[in-house]
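Asker: Going line by line, the protein sequences match chains V and Z.
Per this note's numbering, the very first residue in the first sequence carries number 1; after that it's consecutive.
Per this note's numbering, the very first residue in the second sequence carries number 1; after that it's consecutive.
My structure is below; once you've seen it, I'll send some questions.
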Amino acid sequence: MSRPRRGLWRATALYAGGAVLALWGAFPFLWMLSTSVKQSSEVFASPPTLVPRHLTLGNFARLLTETNFATYFGNSLTVSFATVVLTLGVSAVGAYGLTRFRFPGRETVAGLILLTYMFAPIMIIIPFYILVKRLGLVNTHLALVLSYTTFCLPFCLWLLRAFFQSVPLELEEAALVDGAHRGRAVWHVVLPLALPGIIAAGIFTFILAWNDFLFALVLISSDELKTLPVGVNDLFNATIVDWGMIMAAGVMITLPTVGFFAGVQRYLIRGWGSGGLKG
Amino acid sequence: MRKSALVGWTLLAPSLLLLGGLVAYPILYNFWLSLFAKHAFLPAQTFVGLGNYRYFATDEEFWRSVRYGTIYAGSTIVFQLGLGVAAALLLNETFRGHGLLRGVVLFPYTIPTVVAVILWKWLLNDSYGLVDYVLVATGATRTPPAWLGKDYIMWSLIVTSVWQFFPFVVVTYLARLQTIPPELYEAATVDGAGAWRRFRHVTLPQTGAVLFVIVLLRGIWMFTKFDTVWLMAGEGGVSQYVRTLPVYAYERTFTYLQAGMGAALAVLMFGLLAGATAVYFGLFRDEEIVS
Chain V
1 MSRPRRGLWR
11 ATALYAGGAV
21 LALWGAFPFL
31 WMLSTSVKQS
41 SEVFASPPTL
51 VPRHLTLGNF
61 ARLLTETNFA
71 TYFGNSLTVS
81 FATVVLTLGV
91 SAVGAYGLTR
101 FRFPGRETVA
111 GLILLTYMFA
121 PIMIIIPFYI
131 LVKRLGLVNT
141 HLALVLSYTT
151 FCLPFCLWLL
161 RAFFQSVPLE
171 LEEAALVDGA
181 HRGRAVWHVV
191 LPLALPGIIA
201 AGIFTFILAW
211 NDFLFALVLI
221 SSDELKTLPV
231 GVNDLFNATI
241 VDWGMIMAAG
251 VMITLPTVGF
261 FAGVQRYLIR
271 GWGSGGLKG
Chain Z
1 MRKSALVGWT
11 LLAPSLLLLG
21 GLVAYPILYN
31 FWLSLFAKHA
41 FLPAQTFVGL
51 GNYRYFATDE
61 EFWRSVRYGT
71 IYAGSTIVFQ
81 LGLGVAAALL
91 LNETFRGHGL
101 LRGVVLFPYT
111 IPTVVAVILW
121 KWLLNDSYGL
131 VDYVLVATGA
141 TRTPPAWLGK
151 DYIMWSLIVT
161 SVWQFFPFVV
171 VTYLARLQTI
181 PPELYEAATV
191 DGAGAWRRFR
201 HVTLPQTGAV
211 LFVIVLLRGI
221 WMFTKFDTVW
231 LMAGEGGVSQ
241 YVRTLPVYAY
251 ERTFTYLQAG
261 MGAALAVLMF
271 GLLAGATAVY
281 FGLFRDEEIV
291 S
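The following block contains the structure:
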């Protein structure tokens, strides 16, 4: 086979493979988007239409006015952002302690922390529930924030530790010599340099909190406190399924995460290399 | 020196407090709890020793859940791996739009499970689903099966899970592929190796270690997967055809309210995973080190 023809074969194979992959990865989402802006008669039309003949935002309007979706959305935002703030605070402080101070047992502690990452929530959800109940925190957002923070901590501690280790000690010492006290040195020298790691840790935490189903299912019982995954599943199971409206809900839950990913993909790939999302 | 240790421990204290109180303590408490007959909501409990474990030794439901869990974890791993590695090899090539495609491939992994499940239930719907429409329109079949009925629910669950989780394999494998020195491929090409032999003799040995880790992690995560399975089949109806061990443990606790029984199932889940991991290491560890 001559060289140009081999190049042509290769290109054809690549683009065909790429097209199949794009279809498999993205088509279900496009179908959801398409269904969410269709009128109910067109949702059930045969043959189905990919590009809606009549665009409508009626499904979104129904979702926001006739259901508690807006409440669930607000709850999810509150819980997720609180989790991100708490997790970043606790893990940045802890990771700094693990990198910059020598003490006996440091490596053992770091190893034990990683070990806790191996336990899937389902394996401890029963004692966890009993504990939360004893603390009087059942049916509170605080219980969710504490659960998500705990489950994000091992990953975030290890990720931030790796980033802190990559900040040269001399830079920090130089700041200290210049008369800055330690807090200022960390704030102005270490944190900016570790920013990609902090962003990656923040995104991982946000997505875990935003997507979690199990803790929200077990720990929250009143409707007005529910977060999106459980709330939407309730909507889905409540009556005869209003597919247009449910797909609108799916689009709205997905948008924040897609936005985050599109914005900071390059930080994420780096974070992924050092541990990755769990799921 | 001593001051340094004190500051170090102080900075770590919040993390250790949370992990100790909300992970380590529940793990230990779970072992203790598995020795009791305890109602999920009421405080009363009776010590039964290994009674819960004896019960499950002869419980058909338990063994069925282990079998379903193994089928589910095993087949989703095989498909995720095949699809994920193929996609990573493709994305490792340079062609127009491959950056965008990488983002698109990542997408299913980032959406909440509840969305992935509802989306696939809509695609597989037996009256208005797109999949059935395509099958009938292309003449593949005139009476498509009920994908969400008892005969096919496991397959639908597997497809949904593979779609949702294969991006993990893609990204992890791709990260390793990009660190393989190009000289190795050049040398193989000079030696006259075709695409398949380059894959077999350069790529596979280079990526053995990462494949070992991917299968280990995905195996643990698929065997303990709760939300996808539970959301796909719900509690009644067809759920009995996909009731894996995590779902069974959940139902024992929060539906039958037998917290002690549920805790025992969690311990059994842990034991099975630990055993499988030990066997896995015994089988593959040496090869991993060689490569």
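Even for Gly, the Cβ is constructed at its ideal location relative to N, Cα and C.
I want to know whether the segment 116 to 123 of chain Z touches the segment 22 to 36 of chain V - three or more CB-CB distances under 8 Å.
Answerer: yes
Asker: Comparing alpha-carbon positions, which option in Z/173, Z/125, Z/43, Z/243 lies nearest residue 225 of chain Z?
Answerer: The count along the second sequence starts at 1 and reaches residue 225 of chain Z at position 225. Checking every option, the nearest Cα to that of residue 225 of chain Z belongs to Z/243.
Asker: What three-state label does DSSP hand residue 39 of chain Z in the structure shown?
Answerer: One-based indexing of the second sequence puts residue 39 of chain Z at position 39. Strand, per DSSP.
Asker: Assuming residue 230 of chain V and residue 217 of chain V make a contact with CB atoms under 8 Å, what is their CB distance in whole Å?
Answerer: Here residue 230 of chain V refers to the residue found at position 230 of the first sequence. Here residue 217 of chain V refers to the residue found at position 217 of the first sequence. Contact flag correct, Cβ pair sits at about 5 Å.
Asker: Examine chain V for any beta-carbon lying closer than 8 Å to the beta-carbon of residue 222 of chain Z, and answer yes or no.
Answerer: Along the second sequence, one-based indexing puts residue 222 of chain Z at 222. Chain V, which has no Cβ nearer than 8 Å to the Cβ of residue 222 of chain Z, makes this no.
Asker: Within 8 Å, do at least three Cβ pairs link the segment 95 to 109 of chain V to the segment 8 to 26 of chain Z?
Answerer: yes
Asker: Are the beta-carbon atoms of residue 138 of chain V and residue 219 of chain V separated by less than 8 Å?
Answerer: What you label residue 138 of chain V is simply residue 138 of the first sequence in a count that begins at 1. What you label residue 219 of chain V is simply residue 219 of the first sequence in a count that begins at 1. In contact: residue 138 of chain V and residue 219 of chain V (Cβ atoms closer than 8 Å).
Asker: How is residue 289 of chain Z classed by DSSP in three states: helix, strand or coil?
Answerer: One-based indexing of the second sequence puts residue 289 of chain Z at position 289. Reliability fails at residue 289 of chain Z, whose pLDDT of 48 lies under 50, so the model's placement of it is uncertain and the value that follows must be treated cautiously. Of the three classes helix, strand and coil, the one that applies to residue 289 of chain Z here is helix, per DSSP.
Asker: Please classify residue 9 of chain V: is it buried, with 16 or more other beta-carbons within 10 angstroms of its beta-carbon, or exposed?
Answerer: The count along the first sequence starts at 1 and reaches residue 9 of chain V at position 9. Answer is exposed; the Cβ neighbour count stays below 16.
Asker: Over what stretch of residues does the beta strand (DSSP E) that includes residue 47 of chain Z continue unbroken?
Answerer: The residue labelled residue 47 of chain Z in the question sits at position 47 within the second sequence. Element bounds for residue 47 of chain Z: 45 to 47.
Asker: Take the Cβ of residue 20 of chain V as the centre, count every other Cβ of all protein chains shown within 10 Å, and call the residue buried at 16 or more, exposed below.
Answerer: Locating residue 20 of chain V in the first sequence gives position 20, counting from the first residue. The residue in question, residue 20 of chain V, is exposed, as its Cβ has fewer than 16 Cβ neighbours within 10 Å.
Asker: Check each residue of the segment 186 to 198 of chain V: if its Cβ is closer than 9 Å to any Cβ of chain Z, include it; give the result in chain order.
Answerer: none
Asker: Taking 8 Å as the threshold (beta carbon to beta carbon), is residue 140 of chain V in contact with chain Z?
Answerer: Counting from one through the first sequence, the residue named residue 140 of chain V turns up at place 140. Closer than 8 Å: no.
Asker: Could you tell me the alpha carbon to alpha carbon distance between residue 321 of chain V and residue 86 of chain V, rounded to whole angstroms?
Answerer: One cannot answer for residue 321 of chain V here, as it falls past the ends of chain V, which runs 1 to 279.
Asker: For residue 211 of chain V, would you say it is in contact with chain Z, using Cβ-to-Cβ distances shorter than 8 Å as the test?
Answerer: One-based indexing of the first sequence puts residue 211 of chain V at position 211. Output row for residue 211 of chain V: interface = yes.
Asker: Using Cβ-Cβ distances below 7 Å, what residues of the segment 74 to 102 of chain V are close to chain Z?
Answerer: 90, 91, 93, 94, 96, 97, 98, 101, 102
Asker: Can you give, in chain order, each stretch of the alpha helix (DSSP H) that sits fully within the segment 179 to 221 of chain Z and has at least 4 residues?
Answerer: Qualifying alpha helix (DSSP H) stretches, in chain order: 182 to 190, 195 to 198.
Asker: Going by beta-carbon coordinates alone, are residue 213 of chain V and residue 110 of chain Z separated by less than 8 Å?
Answerer: Stepping through the first sequence from its first residue, residue 213 of chain V is reached at position 213. Stepping through the second sequence from its first residue, residue 110 of chain Z is reached at position 110. Here residue 213 of chain V is not near residue 110 of chain Z, since their CB atoms are 8 Å or more apart.
Asker: I'd like to know whether the C-beta of residue 148 of chain V is nearer than 8 Å to at least one C-beta of chain Z.
Answerer: Numbered from its first residue, the first sequence carries residue 148 of chain V at position 148. At a cut-off of 8 Å between beta-carbon atoms, residue 148 of chain V makes no contact with chain Z.
Asker: For a quick check, are the C-beta atoms of residue 254 of chain V and residue 115 of chain Z less than 8 Å apart?
Answerer: Taking the first sequence and counting its residues from 1, one reaches residue 254 of chain V at position 254. Taking the second sequence and counting its residues from 1, one reaches residue 115 of chain Z at position 115. In this structure, residue 115 of chain Z lies closer than 8 Å to residue 254 of chain V by Cβ.
Asker: Going by CA-CA distance only, name the one from Z/264, Z/219, Z/99 that's closest to residue 276 of chain Z.
Answerer: For the purposes of this step, residue 276 of chain Z is taken as residue 276 along the second sequence, with counting starting at 1. Comparing Cα positions, the closest option is Z/219.
Asker: Comparing alpha-carbon positions, which option in Z/246, Z/279, Z/271, Z/274 lies nearest residue 126 of chain V?
Answerer: Stepping through the first sequence from its first residue, residue 126 of chain V is reached at position 126. Of the candidates Z/246, Z/279, Z/271, Z/274, the one whose C-alpha sits nearest the C-alpha of residue 126 of chain V is Z/246.
Asker: Mind checking residue 126 of chain Z: buried by the 16 CB within 10 Å criterion, or exposed?
Answerer: Position 126 of the second sequence holds residue 126 of chain Z. Flag for residue 126 of chain Z reads exposed.
Asker: Secondary structure at residue 80 of chain Z, three-state DSSP: helix, strand or coil?
Answerer: If you number the second sequence from 1, residue 80 of chain Z lands on position 80. Helix at residue 80 of chain Z.
Asker: Expressed to the nearest angstrom, what Euclidean distance is found between the alpha-carbon atoms of residue 176 of chain Z and residue 56 of chain V?
Answerer: In the second sequence, residue 176 of chain Z corresponds to position 176, counting from 1. In the first sequence, residue 56 of chain V corresponds to position 56, counting from 1. Their backbone Cα atoms lie some 45 Å apart in a straight line.
Asker: Quick check on DSSP: helix, strand or coil for residue 261 of chain V?
Answerer: To locate residue 261 of chain V, count along the first sequence from 1; it is residue 261. Residue 261 of chain V falls in the helix class under three-state DSSP.
Asker: Could you name the residues of the segment 233 to 248 of chain V whose beta carbon sits closer than 9 Å to any beta carbon of chain Z, in the order they occur along the chain?
Answerer: 233, 236, 237, 241, 243, 246, 247
Asker: Can you give the beta carbon distance from residue 59 of chain V to residue 36 of chain V, rounded, assuming they're within the 8 Å contact cut?
Answerer: As a working note, residue 59 of chain V is residue 59 in the first sequence. As a working note, residue 36 of chain V is residue 36 in the first sequence. With 8 Å as the limit, residue 59 of chain V and residue 36 of chain V qualify as a contact, their Cβ atoms being about 6 Å apart.
Asker: Using DSSP with H/G/I as helix, E/B as strand and the rest coil, what is residue 39 of chain V?
Answerer: Position 39 of the first sequence, counted from the first residue, corresponds to residue 39 of chain V. In the structure shown, residue 39 of chain V falls within a coil segment according to DSSP collapsed to helix, strand and coil.
Asker: Smallest Cα separation from residue 91 of chain Z: which of V/252, V/183, V/202, V/22?
Answerer: Here residue 91 of chain Z is taken as the residue at index 91 of the second sequence, counted from 1. Answer by Cα proximity: V/22.
Asker: Return the residues of the segment 23 to 34 of chain V that lie within a Cβ-Cβ distance of less than 8 Å from chain Z, sorted by chain order.
Answerer: 24, 25, 26, 28, 29, 31, 32
Asker: Examine the ligand FAD and report whether any of its heavy atoms sits within less than 7 Å of the Cβ of residue 11 of chain Z.
Answerer: With respect to small molecules bound, the structure shown includes none, and the ligand FAD cannot be examined in it.
Asker: Compare the C-alpha of residue 132 of chain V against each of Z/23, Z/135, Z/6, Z/270 and name the closest.
Answerer: Residue numbering aside, residue 132 of chain V sits at position 132 when the first sequence is read from its first letter. When only C-alpha atoms are compared, the closest one is Z/23.
Asker: Using a 10 Å radius around the Cβ and a threshold of 16 neighbouring Cβ atoms, would you call residue 244 of chain V buried or exposed?
Answerer: Numbered from 1 along the first sequence, position 244 holds the residue referred to as residue 244 of chain V. Residue 244 of chain V is buried by the Cβ-count criterion.
Asker: Is there a Cβ of chain Z sitting closer than 8 Å to that of residue 163 of chain V, yes or no?
Answerer: Here residue 163 of chain V is taken as the residue at index 163 of the first sequence, counted from 1. By this cut-off, residue 163 of chain V is not an interface position.
Asker: If we define contact as Cβ-Cβ less than 8 Å, is residue 12 of chain V a contact residue for chain Z?
Answerer: Your numbering for residue 12 of chain V matches position 12 in the first sequence. False, the Cβ-Cβ gap to chain Z never drops below 8 Å.
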